[in-house]
């Protein structure tokens with residue numbers, strides 16, 4: 001707190017003293033004013049400037065510079081760098097990116113969140129929120145560009161209900177038809193391979209990113225499994241193959257061009273699947289729903305521990321609460 005006292009000559013003396021800490025410089029400033037309110041206002045201004053590091057040489061740059069630096073120095077070393085880069089690029093197109101650091105506060109982040117929640121689901125907003133919060137933490141603790149993580153003053157968006165969308169055989173058939181895919185076709189078109197990837201996810205419960213990164217040297221027909229060396233949680237795993245999954249892989253061999261089984265990028269798969277679901281009039285269908293559907297079906301065969309080995313989940317609560325989505329009819333059958 002600043003010290004405000006009245007001097008013998010009737011003037012008000014304001015003193016602001018701070019010891020050097022957390023990378024901030026020591027501060028010792030004082031000034032006299034005819035009115036107490038002026039002294040208090042001056043002291044508040046000095047303290048605020050010290051907190052925002054202006055006396056320590058904080059760059060008077062837009063928040064966009066922080067985002068770019070994080071993208072180039074931090075995100076690039078992460079397994080999920082593509083997703084982080086996409087999120088950061090979206091934020092760079094918002095008014096938030098234009099705010100200069102000395103004027104940055106929690107207010108701009110709340111305004112960003114209020115606008116963003118009109119456009120995306122709560123789950124998406126929470127993922128973007130977590131990334132921005134980490135950007136602020138790095139900028140404040142490591143780079144000393146900011147005094148604090150302003151987002152910690154705000155309430156994170158509440159968890160929405162876990163998605164329970166199932167994929168019916170009719171849904172899968174509609175996607176296949178939209179992509180021109182059949183079990184006996186030569187999948188030379190990208191839409192065919194995108195549909196095949198969706199079917200493969202239904203058989204293996206693999207993530208979209210794992211499917212597009214699957215290489216032929218990780219396919220073991222003789223032992224009926226594929227190896228995923230790098231997963232979302234950083235732990236490799238082996239995924240058993242059903243007869244249908246093997247058939248899809250054999251089908252992909254007919255158009256083999258390089259090391260990648262499905263020969264399609266993550267960005268292309270995302271764009272192509274959005275096109276396929278529009279053609280199929282299945283706008284609410286997500287590619288990731290195939291993973292949930294597969295795990296729900298496999299739960300009839302495997303124990304929870306075995307299912308976790310297949311899915312790669314290290315927390316059974318997430319597996320059971322988010323991905324295992326039996327219908328009431330499924331549960332009723334078990335009573336017979």
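In the UniProt record's numbering, the protein residues as written are 1 to 336.
Note that the Cβ used here is the ideal one computed from N, Cα and C, for glycine as well.
Three-way DSSP call (helix, strand, coil) for residue i in this model
i: residue 95; result: helix
i: residue 172; result: helix
i: residue 6; result: strand
i: residue 215; result: strand
i: residue 308; result: helix
i: residue 280; result: coil
i: residue 326; result: coil
i: residue 319; result: helix
i: residue 32; result: strand
i: residue 100; result: strand
i: residue 335; result: coil
i: residue 287; result: coil
i: residue 55; result: The pLDDT assigned to residue 55 is 45, lower than 50, so where the model puts this residue is not dependable; a value taken from the coordinates is nonetheless given after this. Reduced to three states, the DSSP call for residue 55 is coil.
Nearest-angstrom Cβ-Cβ length linking residue i and residue j, presumed shorter than 8 angstroms
i: residue 117; j: residue 125; result: 5 angstroms
i: residue 205; j: residue 311; result: 5 angstroms
i: residue 167; j: residue 247; result: Not quite, the Cβ-Cβ distance comes to about 19 angstroms (not below 8 angstroms), so this is no contact.
i: residue 210; j: residue 231; result: 7 angstroms
i: residue 70; j: residue 120; result: With 8 angstroms as the limit, residue 70 and residue 120 do not qualify as a contact, their Cβ atoms being about 21 angstroms apart.
i: residue 224; j: residue 241; result: 5 angstroms
i: residue 332; j: residue 319; result: Wrong, their Cβ atoms sit about 22 angstroms apart, outside the cutoff.
i: residue 159; j: residue 285; result: Not quite, the Cβ-Cβ distance comes to about 22 angstroms (not below 8 angstroms), so this is no contact.
i: residue 146; j: residue 140; result: 4 angstroms
i: residue 4; j: residue 43; result: 7 angstroms
i: residue 239; j: residue 228; result: 6 angstroms
i: residue 26; j: residue 18; result: 7 angstroms
i: residue 267; j: residue 79; result: That pair is no contact at about 16 angstroms.
i: residue 2; j: residue 20; result: Their Cβ separation, rounded to whole angstroms, is 17 angstroms, which puts residue 2 and residue 20 out of contact at 8 angstroms.
Run of the beta strand (DSSP E) containing residue i, from where it starts to where it stops
i: residue 12; result: 12-18
i: residue 26; result: From DSSP, residue 26 is part of no beta strand (DSSP E); its letter is neither H nor E.
i: residue 226; result: 225-228
Buried/exposed call for residue i, threshold 16 Cβ in 10 Å
i: residue 258; result: exposed
i: residue 187; result: buried
i: residue 6; result: exposed
i: residue 115; result: exposed
i: residue 221; result: exposed
i: residue 293; result: buried
i: residue 215; result: exposed
i: residue 207; result: buried
i: residue 175; result: buried
i: residue 128; result: buried
i: residue 191; result: buried
i: residue 295; result: buried
i: residue 41; result: exposed
i: residue 243; result: exposed
i: residue 16; result: buried
i: residue 179; result: buried
i: residue 277; result: buried
i: residue 149; result: buried
i: residue 37; result: exposed
i: residue 299; result: buried
i: residue 261; result: buried
i: residue 226; result: buried
i: residue 282; result: buried
i: residue 251; result: buried
i: residue 151; result: buried
Where the alpha helix (DSSP H) containing residue i begins and where it ends
i: residue 237; result: First-last for residue 237: 237-240, but that is the beta strand (DSSP E), not the alpha helix (DSSP H).
i: residue 264; result: First-last for residue 264: undefined, no H or E at that position.
i: residue 249; result: 243-253
i: residue 200; result: 190-204
i: residue 68; result: 63-73
i: residue 207; result: Residue 207 -> no alpha helix (DSSP H), and no H or E assigned at all.
i: residue 109; result: 106-116
i: residue 126; result: 122-141
8 angstroms Cβ cutoff, residue i in contact with chain C
i: residue 109; result: The chain labelled as chain C is not found in the depicted structure, where only one protein chain is given.
**Q.** Given 8 angstroms, three or more beta-carbon pairs between the stretch 179-196 and the stretch 252-272
**A.** Judged by Cβ distances under 8 angstroms, the stretch 179-196 makes contact with the stretch 252-272, as three or more pairs qualify.
Q. Are three or more beta carbon pairs between the stretch 60-74 and the stretch 87-107 nearer than 8 angstroms?
A. Yes: at least three Cβ pairs fall under 8 angstroms.
Q. Touch check for the stretch 37-49 and the stretch 72-89: three-plus C-beta pairs under 8 angstroms?
A. Touching, no.
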